[in-house]
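In our numbering, the protein residues as written are 851 to 985. Have a look at the structure below, then the notes.
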Ligand SMILES: [Fe+2]
């Protein structure tokens, strides 16, 4: 389970709000896989995660374009790779059902990836947006 820490805050309210929702979605999926919930419930938490990931990346990419973020093409590629990872996991879960291996992958390839991505990449994005916002 992931518990939000201020270490993960980028300082951009929209991005931080959506990251919190993403961790919540990851926790819901982990819980569903671990607690012997029915397949319907597990599948719906996975579908939510797939859809929310796409929505969040779409919004974040729009912000990057809007503020002329110089590293956008690279950041976009990282997002695309992650979406492929999540889609692949969804396929494995659909076909094989929950397992310790799946839970491990959700933890490392999804949750762990996101923590790392926020620290390394999204904080740079938020700093760029902040420095280009006139108030
Ligand atoms: Fe990102």
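Positions of the beta carbon are idealized from the N, C-alpha and C atoms, including for glycine.
Annotation for residue 862: 976, 979 place their beta carbon closer than 7 Å to its own, counting only its chain and skipping 5 residues before and after. Between residue 944 and residue 968, the alpha-carbon positions lie close to 28 Å from each other. The closest CA to that of residue 949, considering only 857, 879, 870, 915, is found on 879. Below 8 Å, enough C-beta pairs join the segment 956-965 and the segment 867-877 to call them touching: three or more. When Cβ pairs closer than 8 Å are counted between the two stretches, the segment 896-907 is seen not to touch the segment 917-924, the count staying below three. Collapsing the DSSP output to three states places residue 853 in coil. Distances from the CB of residue 930 to the heavy atoms of ligand 1 are all 7 Å or more.
Annotation: the continuous alpha helix (DSSP H) that includes residue 864 extends over 863-884.
Excluding the 5 residues flanking it on each side, residue 851 has same chain C-beta neighbours closer than 6 Å at 877, in chain order.
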